[in-house]
Every structure is written in C-alpha cells, then in structure tokens.
Amino acid sequence: MMALPLHLNGADDLGLIQRAARKIDGLGIKHVQLSGEGWDADRCWAFWQGYKAPKGTRKVEWPDLDDAQRQELDNRLMIIDWVRDTINAPAEELGPSQLAQRAVDLISNVAGDRVTYRITKGEDLREQGYMGLHTVGRGSERSPVLLALDYNPTGDKEAPVYACLVGKGITFDSGGYSIKQTAFMDSMKSDMGGAATVTGALAFAITRGLNKRVKLFLCCADNLISGNAFKLGDIITYRNGKKVEVMNTDAEGRLVLADGLIDASAQKPEMIIDAATLTGAAKTALGNDYHALFSFDDALAGRLLASAAQENEPFWRLPLAEFHRSQLPSNFAELNNTGSAAYPAGASTAAGFLSHFVENYQQGWLHIDCSATYRKAPVEQWSAGATGLGVRTIANLLTA
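Here the sequence shown is numbered in numbering that gives the first Met the number 0, starting from 0 and rising by one per residue.
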C-alpha cells in the first residue's frame, strides 16, 4: 500500500485536505485508507468532497471516530451524496415525476411516518390554478409536477408550520423558444439543483433532530420547445391575482417558483427559504464558488450566513432593495418575467420578481440563487458535476 503524507498548516486544513483528495483521485487511486491523528467528521468529509467524482467507483476506509462523529459522517454520505447524484443524473432518467418521487423516498427514509405528501401533475395543475408551473411544463411530453410534502414530527395536524422550503425543479432547460446555445444548454440537466438542495437540507435537518413542522414544495417541469410550449407575449395569471407577461421563456424558473411561494406564504410560517439555479447573473458575480443570498430581512440573512460559517459552506449576500421590485415593467401586465437592458442587475431583479409572490416579503424570506451547485469542469477542489453545497447550511438554520 502506498503511503501519502498530508501536512496541515492550520490555515485552511479542510481546503487543503479537499485539494489533496482531488489530486489523489487524479493519480487514478480508487481505494484509500485514512490513518493518523486528527481525523474527525469534518476532515473526513472534506476528503470525500474532493475525492468523489461522477464517473467510476471509489472506496475509502475511514479512521476510527466516536459514535456521534461517525453518525454525522454517515448522514452526510447518505444525504449529500444523494443530492450530488440526483443533480448529476441525466435528464432522460430524471423527469419531473421521478424527481418528486426521489424526494419523497429520501425524506420518508429518514422521517418514516412523520411525513405526508401530495403530488399534483399535468392538467390537475391548471385546474387548481398553478398556472406558472403548468405553463412552463406543458410543452413537454413529461407532465409538470408539484410536490407538497409535510414533515410534522409533532403529531398534531394543527401544529404551526415553522418553515417552508421551495425548490426549482427544472429537470431540463432548453430555454424554450428563447433557446439556449449549446454551450449554455449542455449542463441544464442540473437546473433542478435548487429542488435537490432543499430536499437534502430537510432530510439532513431531520437526521440532526429537527422537531418542528416544515413543509417542502418542489416545482418540477421540463422547459422544452413544442407546438404546445409557451411563447413570448403570453400572459400568466397567478392565484394571488398577479399577471405576468412572458418576454423570455428562458426566465422560466421564477415562473414556476412563484406557484410554490404562493403556497408557502399561505402556511404563515416563520420563514420561507427558496433555492434555485435561477440566473446567470449570480454566476457572473460569484462564479461557482459561492451561493448568492438575497433577503429584505437583515436579521434572518445574518442567521443564514452564520450557519454557513459554522458549516464551512460559501454564501455571499447580494443586493435586494425595494426598487428592484419595480424593474420588471410590462405594457400588458403587472410584471414582466425579465428585466430590460435598462435594468441590468439580473440576479437582483429576479429576486425582486419572486418577492411579488411572498405575502410578507420583508420579513422571514430568504432567496438562494444556487450558483455553487454545479461545475461544468473540474477544478482544484472539485470534480466536474454537482457539489452538494448549501445542504448543511440550510439544515443548520432549520435546527438552530
């Protein structure tokens, strides 16, 4: 067996371990035993984050950990690997219905009979007024789906809802008639990264002892071109009375999230967290290194950033102000689904759009634009593909 010493300097031990693991994988070494002093769940996990890749199999023999540390590591391996593997799955294998069912299976596995759920799909969405989700998804032969899942550990059907999680689950995004170029479409199997992230976060919070009622809403659809697909100039009327003119079919994520946010607001929770691979503008600002955070609630945003620091996950707050809510003008409806060239802050105006569907948007609402969910190419710390970043931070906030 080859021995590879790892010398830590204390400045960025976790990052150093993750980069070392990536180099070990690059050498073609597929079976590793971690030995020596100082290993804990965080350091083992840092190694696995760098070592795991979407192609091929790898085996790690973990060092001896105490029971609590080993349980924490095992839960990360089970749940965050589920998130990464689900995001990496080809769109042909993972349609809207499959994504919803996978989420149900994961949560049920960790929560048992404390979970109930409802799946609404296809024409039932239109009949029940979920016009954003139905409009975006109707162009695909695979029906759009809304998953509404209720984790209620109290056993009391009248228990208040502590938090609602809303995830964008676009299982493939061609851009629709505002079609993407190949270079921007080739990674769009990952456009359901927000849905996978909030699902993983709820599951992980449950393993950490979450004892409050939380509801999960996943808005799942394909965004494809067909004779039945939505078109530029269409107007969508939502259940809260808002009318939205479609001026870019590739700004579809906000259209489906709006339905989930309306449902979340109706629960009157203490907090609403939505997560979505929503804009290229967030990636332009932060690359794939940070998730972008938007909120009008400074205190809640501070709590999430504190959770991110505790979990060693990268989040960065970007601006969201009242004026961003008015930077989506339409001549034919109350809102446009995309900002004009006069309003270039695309990530902020997207968050501003979503705020129109949150009843009390100034308090208790966090929007996460998941710019760090997926990497098209390997880098020093990560293989190509999904990262799983954000799961632990949201779970930390839910259980704080």
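The beta-carbon is built from N, C-alpha and C at its ideal position, and this holds for glycine as well.
### Cβ neighbours of N87 in the same chain (closer than 7 angstroms, five flanking residues each side left out)
Leaving aside the five residues that flank N87 on each side, the residues in its chain whose CB is nearer than 7 angstroms to its CB run, in chain order, P53, G384 and A385.
### Task
Kindly indicate which residue of N395, S347 and N311 has the alpha-carbon position closest to the one of D41.
Here the closest residue by C-alpha is N311.
### Query
If you draw a straight line from the C-alpha of K179 to the C-alpha of F322, how long is it?
Distance between the alpha carbons of K179 and F322 is about 29 angstroms.
### Query
Just the Cα atoms here: how many angstroms apart are G174 and Q361?
Each residue's alpha carbon lies about 31 angstroms from the other.
#### Entry: Three-state class that DSSP yields for A67 in the structure shown
Residue state, collapsed to three classes: helix.
### Task
Give me the Cα-Cα distance between G387 and L304, rounded to the nearest whole angstrom.
The alpha-carbon atoms of G387 and L304 are separated by roughly 17 angstroms.
### Query
Can the beta-carbon of A280 be found less than 8 angstroms from the beta-carbon of G345?
Yes, Cβ-Cβ distance for A280 and G345 is below 8 angstroms.
### Task
Using the Cα positions of N359 and L353, report the straight-line distance between them to the nearest angstrom.
The C-alpha of N359 lies about 12 angstroms from the C-alpha of L353.
#### Entry: Cut-off 6 angstroms between Cβ atoms - residues of its own chain near E379, not counting five sequence neighbours on either side
Beyond the five residues adjoining it in sequence on each side, E379 comes within less than 6 angstroms, by CB distance, of R18 in the same chain, given in chain order.
### Query
If you pair each beta-carbon of the segment 63–76 with each one of the segment 178–195, do three or more pairs fall below 8 angstroms?
As far as the Cβ criterion goes, the segment 63–76 does not touch the segment 178–195, which means the pair count is below three.
### Query
When DSSP labels each residue in this structure, what does Y161 get in the three-state scheme?
Y161: coil per DSSP, three-state reduction.
### Query
Among F293, T170 and L132, which has the Cα closest to the Cα of W364?
The shortest C-alpha separation from W364 is found at F293.
#### Entry: Local Cβ density within 10 Å of R324, reported as buried at 16 or more and exposed below that
Its Cβ being crowded by 16 or more others within 10 Å, R324 is buried.
### Query
How would you label R374, buried or exposed, when you count the other beta carbons within 10 angstroms and need 16 or more for buried?
So R374 counts as buried.
#### Entry: DSSP-derived helix/strand/coil call for D104
Note: D104 maps to helix in three-state DSSP.
### Task
Could you spell out the range, first to last residue, of the alpha helix (DSSP H) harbouring T134?
Segment M130 to G136, the alpha helix (DSSP H) holding T134.
### Query
Quick one, are the C-beta atoms of G199 and V390 less than 8 angstroms apart?
Between G199 and V390, the CB-CB gap stays under 8 angstroms.
### Query
Excluding the five sequence neighbours on either side, which residues of its own chain have a C-beta within less than 6 angstroms of the C-beta of G128, listed in chain order?
For G128, where only same-chain residues beyond five positions count, the Cβ hits under 6 angstroms are R238.
### Query
Expressed to the nearest angstrom, what Euclidean distance is found between the alpha-carbon atoms of P152 and A204?
Looking at the two C-alpha atoms, the distance is approximately 12 angstroms.
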